[in-house]
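Structure, as structure tokens:
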Amino acid sequence: GFVGADLENVLNEAALVAARRNKRVIDASDIDEAEDRVIAGPSKKDKTVSQRDRQIVAYHEAGHTIVGLVLSNARVVHKVTIVPRG
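First residue of the sequence shown? That's 1 in UniProt numbering, and the numbers climb one at a time after it.
What follows is the structure, encoded as structure tokens:
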């Protein structure tokens, strides 16, 4: 989980995300994007990934998800994505 400073960081980032979207109010989609940015970094929209590479990454991430669901001591899976970040 997040500590207070982490939550503050996520909400500040969510405010920036909302502002970039020309919104006056933060909503759940802004917080979701902000959380991803804080945890994994901004998305790399300019990075071109081939369909084959995206498929390989999708299989790889699906494997992480399945293992996380099968193992009793694994952390709960909250989100799976193949969006390049960092």
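Just so you know, even glycine gets a beta-carbon here, dropped at the ideal spot from N, CA and C.
What you are looking at is a predicted structure, and each value in this text was computed from that prediction instead of being measured.
Could you tell me the distance, in whole angstroms, from the CA atom of Leu69 to the CA atom of Gln55?
21 angstroms
Leaving out the 5 sequence neighbours to the left and right, which residues in its chain are closer than 6 angstroms to Ile31 when beta-carbon positions are compared?
Ala14
Three-state secondary structure assigned by DSSP to Ser43
strand
Per DSSP, which residues does Arg85 bridge with? Please list them.
Ser43
Three or more beta-carbon pairs under 8 angstroms between the segment 3-10 and the segment 20-39, yes or no?
yes
DSSP state of Val67, grouped into three classes?
helix
Mapping DSSP to helix, strand and coil, what is Ala74?
coil
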